[in-house]
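The structure appears below as structure tokens.
Protein chains: 2
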Amino acid sequence: MKNYVLTPGPVPVPEFVLLEMAKPIIHHRTEEFEEIFFKASQGLKKVFMTEEEVLILASSGTGAMDAAVCNTLSKKDKALVINGGKFGERWLKICKAYDVETEEIKVEWGKAVNPKEIEKVLKKHKDIKAILIQASETSTGVKHPIEEIALLTKDRSDIILIVDGITAVGAFPVEFDKWGIDVLIGGSQKAFMMPPGLAFIALSNKAWEFNKNSNLPKFYLDLSQAHKNSLKKTSPWTPAVTLIIGLNAVLNYFDKIGLDNLFRRHSILSEATTKGFEAIGLENFAKGCTSSALSVIKSPESIDAGVIVKELKNKYGMIVAGGQDQAKGKIFRITHMGYLDKADIIAVIAGVEGILIELGHKFKNGAGVATATKILNTL
Amino acid sequence: MKNYVLTPGPVPVPEFVLLEMAKPIIHHRTEEFEEIFFKASQGLKKVFMTEEEVLILASSGTGAMDAAVCNTLSKKDKALVINGGKFGERWLKICKAYDVETEEIKVEWGKAVNPKEIEKVLKKHKDIKAILIQASETSTGVKHPIEEIALLTKDRSDIILIVDGITAVGAFPVEFDKWGIDVLIGGSQKAFMMPPGLAFIALSNKAWEFNKNSNLPKFYLDLSQAHKNSLKKTSPWTPAVTLIIGLNAVLNYFDKIGLDNLFRRHSILSEATTKGFEAIGLENFAKGCTSSALSVIKSPESIDAGVIVKELKNKYGMIVAGGQDQAKGKIFRITHMGYLDKADIIAVIAGVEGILIELGHKFKNGAGVATATKILNTL
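Residue numbers (the numbering used here), protein chains in the order written: chain A, 21 to 399; chain B, 21 to 399.
Written as structure tokens, this is what we have:
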């Protein structure tokens with residue numbers, strides 16, 4: 021059966037990228053590769069919406085999350101973690117590993133944090149040195165209000181805003197320079213429509229100042245080394261050559277279609293998906309704070325979402341993600357990032373409709389596809 | 021011009037591996053991928069010559085070197101670093117980053133360490149907790165006597181032997197279990213004939229005991245997490261899916277040709293190269309302690325090795341590596357790892373002969389190719 025990967029990372033990789041990466045290997049210490057590395061860095065700046073250097077790491081996104089902490093903070097520093105899902109939890113674990121103290125704002129899964137709550141905590145704990153948050157929480161589909169939160173930190177020199185944008189950068193605008201973000205992270209297997217294996221990270225001047233005082237040990241993930249080398253069009257350690265060649269091809273493609281159109285595509289796929297499912301009575305788990313990177317849909321009360329995930333695979337070869345931990349069995353998650361288009365969204369809604377019918381669920385059959393198609397036609 | 025990558029990493033990747041990696045992406049949390057991950061782990065055990073789990077990291081080899089230190093040692097522990105080249109130096113830098121104290125045995129570039137010297141230092145400093153060494157030092161082409169050195173540590177419970185085998189594992193036998201190595205590291209872009217982006221690491225029971233007491237902070241590189249997940253056929257963070265699929269294809273190929281034959285190929289390519297160059301008066305930089313992973317050849321006194329490297333590229337499209345730091349201009353380095361064979365070795369020797377003639381260097385023209393060909397014919 022033909023497979024359709026529709027998970028929020030890894031996502032479908034364009035054929036032209038796969039073939040570009042299948043070309044004979046080149047050596048990384050050559051002018052040819054340095055040019056590719058440089059172009060990729062420049063292209064990343066556009067997507068990160070910054071004039072700062074965007075560093076390319078050979079690691080998963082978690083490697084860059086680790087680097088964000090150990091390159092800016094020190095032992096016993098206090099950080100405020102916004103925890104509204106699996107990746108918010110990960111910030112807590114990273115801080116713990118480095119003996120960084122944390123205040124936590126627990127956010128109900130499926131809801132966005134209220135910046136006023138952050139303001140309150142910052143007033144109470146004046147020694148908080150960093151806010152750690154997700155721009156888009158992959159486990160819930162929630163988009164946190166980064167622009168508003170940045171207003172709380174941008175004019176203070178004693179606190180930085182660290183944003184995990186792994187499922188956000190490239191999916192929708194995350195304006196590093198304009199909003200005043202201090203650390204922003206992206207990952208190759210998300211909106212960059214690449215295989216996993218690369219992470220990206222940008223630091224503001226303020227974050228580099230923090231870096232000078234950070235006493236947490238680091239070597240492989242030492243961003244000052246990566247920065248120094250990036251300015252010389254290379255990386256301190258052997259870069260993941262083929263992945264960077266693929267990235268460069270993707271960034272060329274972004275240039276060709278235009279970043280606005282890329283964002284618009286995600287946005288329309290997102291609207292079509294959430295509205296389409298709503299038309300058959302399936303709720304948007306992140307209603308009111310939906311990230312356009314992915315749709316997270318609640319299964320009907322009486323149906324285990326795991327069954328939908330399983331049947332989509334068995335019947336149609338469609339791979340979507342289920343829920344994790346407390347959301348297990350309650351939700352399924354569909355990517356809008358990656359090399360996909362209208363037909364994929366129509367197909368997955370039709371697939372779910374088909375499964376619900378077989379399960380004897382009552383709903384207005386066809387309404388999902390009809391609603392989604394109408395919205396998709398605006399693309 | 022057609023390019024021939026002959027550098028000791030990255031090395032030529034077989035076409036069947038490149039095409040395998042160019043297939044549509046699959047999701048990592050699926051039975052399909054878990055099976056691939058598991059097979060790759062099992063295949064790695066054979067190459068690492070161990071029954072222990074071999075962990076797969078999404079990082080360059082340096083990431084695994086970092087992990088080797090921060091997962092086994094503690095602050096202010098003392099380590100003995102064998103420093104005979106660029107990668108020996110890297111051990112010192114990693115220890116420094118983690119505030120691990122070091123004793124250093126400086127070894128002349130191009131020479132192997134004498135185990136008796138190590139024995140002497142261990143007698144003097146009974147508090148040394150780890151020996152850090154390269155099995156094959158890529159900057160000099162030297163093979164260090166790991167088997168003999170392991171005799172000094174294997175029966176002691178208070179010291180571990182950490183071996184950077186990045187340019188060794190898969191190139192020649194490095195017998196983890198039999199010799200009693202405690203930590204061994206490999207890298208994808210070397211004898212595994214893959215693009216860079218994966219590192220491999222195995223730990224002995226003794227090393228896992230050290231891990232329990234290690235207080236150095238780690239998160240992304242936390243090997244106990246990687247170990248726990250590896251036993252469940254997965255990795256704690258998103259794995260570099262396509263690279264692992266490629267790795268699996270390589271390991272299948274190793275199975276087909278037989279590990280002994282793989283080692284034998286490197287060994288004969290190495291002998292042919294060093295003897296071939298000797299026949300035209302160019303010395304083996306690592307004479308008497310040659311790693312069969314690569315040949316490091318001294319350029320004639322009067323000729324800058326950089327010119328040979330440059331002209332090989334310009335005239336023949338052959339990419340070999342020059343010397344670094346103190347060896348800059350003095351040596352050039354040719355891989356025997358990767359998807360290459362007799363013709364590549366004949367061609368590079370012929371290329372160097374051609375360049376030396378143009379530079380007016382006097383030697384028995386044709387002797388290099390003739391000598392090498394004779395040896396290669398035993399393959």
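For every residue, glycine included, the Cβ atom is placed at its ideal position computed from N, Cα and C.
Buried/exposed call for residue i, threshold 16 Cβ in 10 Å
i, result
"E73 of chain A", "buried"
"A363 of chain A", "exposed"
"D280 of chain A", "exposed"
"H145 of chain B", "exposed"
"K348 of chain A", "exposed"
"I221 of chain A", "buried"
"D147 of chain B", "exposed"
"Q346 of chain A", "exposed"
"S322 of chain B", "exposed"
"T293 of chain B", "buried"
"I377 of chain B", "exposed"
"R110 of chain A", "buried"
"T187 of chain B", "buried"
"L243 of chain A", "buried"
"E291 of chain A", "buried"
"T160 of chain B", "buried"
"G278 of chain A", "exposed"
Integer Cβ distance of residue i from residue j, believed to fall under 8 Å
i, j, result
"F352 of chain B", "G63 of chain B", "With a Cβ gap of about 33 Å, F352 of chain B and G63 of chain B do not count as contacting."
"H356 of chain A", "H286 of chain A", "5 Å"
"L38 of chain A", "M338 of chain A", "Their Cβ separation, rounded to whole angstroms, is 20 Å, which puts L38 of chain A and M338 of chain A out of contact at 8 Å."
"K149 of chain B", "I179 of chain B", "6 Å"
"P30 of chain A", "T158 of chain A", "About 12 Å; that fails the 8 Å criterion."
"L396 of chain A", "I366 of chain A", "7 Å"
"E137 of chain B", "L100 of chain B", "Not really, about 10 Å apart at Cβ, beyond 8 Å."
"G358 of chain A", "P135 of chain A", "With 8 Å as the limit, G358 of chain A and P135 of chain A do not qualify as a contact, their Cβ atoms being about 30 Å apart."
"I328 of chain A", "I76 of chain A", "Their Cβ separation, rounded to whole angstroms, is 37 Å, which puts I328 of chain A and I76 of chain A out of contact at 8 Å."
"G207 of chain A", "A219 of chain A", "5 Å"
Residue range of the alpha helix (DSSP H) that includes residue i
i, result
"G388 of chain B", "387 to 396"
"Q62 of chain A", "51 to 68"
"D275 of chain A", "261 to 277"
"I221 of chain A", "I221 of chain A -> not in any alpha helix (DSSP H); beta strand (DSSP E) instead, spanning 218 to 223."
"A99 of chain B", "A99 of chain B -> not in any alpha helix (DSSP H); beta strand (DSSP E) instead, spanning 98 to 103."
"L243 of chain B", "243 to 250"
"I354 of chain A", "Where I354 of chain A is concerned, there is no enclosing alpha helix (DSSP H), although the beta strand (DSSP E) it sits in stretches over 351 to 355."
"E375 of chain B", "For clarity, residue 375 of chain B is Ile in the given sequence; the question names Glu instead. Unbroken alpha helix (DSSP H) run through I375 of chain B: 362 to 378."
"I45 of chain A", "Looking at the DSSP string, I45 of chain A is not in any alpha helix (DSSP H), and its letter there is neither H nor E."
Endpoints, the beta strand (DSSP E) within which residue i is located
i, result
"G161 of chain A", "Note, G161 of chain A: premise wrong, no beta strand (DSSP E); not H, not E."
"F212 of chain A", "F212 of chain A -> no beta strand (DSSP E), and no H or E assigned at all."
"K318 of chain A", "314 to 318"
"E123 of chain A", "121 to 126"
"K22 of chain A", "It is not in any beta strand (DSSP E) - K22 of chain A carries neither H nor E in the DSSP assignment."
"K149 of chain A", "148 to 154"
"I138 of chain B", "First-last for I138 of chain B: 135 to 144, but that is the alpha helix (DSSP H), not the beta strand (DSSP E)."
"V74 of chain A", "74 to 78"
"V183 of chain A", "180 to 184"
Given residue i as reference, the closest of the options once Cα atoms are compared
i, options, result
"G105 of chain B", "B:L396, B:Q344, B:K149, B:K362", "B:Q344"
"E298 of chain B", "B:S312, B:I317, B:G308", "B:I317"
"I266 of chain A", "A:T160, A:A42, A:H381, A:P30", "Per the sequence presented here, residue 266 of chain A reads as Gly, with Ile not at that position. Comparing Cα positions, the closest option is A:A42."
"T70 of chain B", "B:S224, B:D184, B:I323", "B:S224"
"I46 of chain B", "A:T293, A:L251, A:K22, A:A392", "A:K22"
"L282 of chain B", "B:D361, B:L263, B:L112", "B:D361"
"S156 of chain B", "B:I300, B:V120, B:E123, B:N103", "B:N103"
"Q154 of chain B", "B:S177, B:V368, B:K140, B:V127", "B:V127"
"E52 of chain B", "B:L399, B:K253, B:K330", "B:K253"
"I166 of chain B", "B:I56, B:C309, B:S177", "B:C309"
"L381 of chain A", "A:I300, A:T262, A:S312, A:K98", "Just to set this straight, residue 381 of chain A is His in the shown sequence, not Leu. Closest by alpha carbon: A:I300."
"K330 of chain B", "B:A387, B:V368, B:L302", "B:V368"
"M85 of chain B", "B:F58, B:P44, B:I151, B:E139", "B:I151"
"N231 of chain A", "A:H48, A:S94, A:F57, A:G388", "A:S94"
"L289 of chain B", "B:A392, B:K276, B:F196", "B:A392"
(request) For the stretch 247 to 260 of chain A and the stretch 66 to 82 of chain B, state whether three or more C-beta atom pairs, one from each stretch, are separated by less than 8 Å. (result) The way I'd put it, the stretch 247 to 260 of chain A does touch the stretch 66 to 82 of chain B; three or more beta-carbon pairs between them come closer than 8 Å.
(request) Would you check if the stretch 238 to 252 of chain B and the stretch 87 to 100 of chain B touch, i.e. whether three or more CB-CB distances between them fall below 8 Å? (result) yes
(request) Flag this pair as touching only if the stretch 370 to 380 of chain A and the stretch 173 to 191 of chain A have three or more C-beta atom pairs under 8 Å; answer yes or no. (result) no
(message) Is it the case that the stretch 215 to 230 of chain A contacts the stretch 314 to 330 of chain A, given that we only count it when at least three CB pairs across the two stretches are under 8 Å?
(response) Between the stretch 314 to 330 of chain A and the stretch 215 to 230 of chain A, the count of C-beta pairs closer than 8 Å stays below three; the two stretches do not touch.
(message) Is it the case that the stretch 109 to 125 of chain B contacts the stretch 162 to 172 of chain B, given that we only count it when at least three CB pairs across the two stretches are under 8 Å?
(response) no
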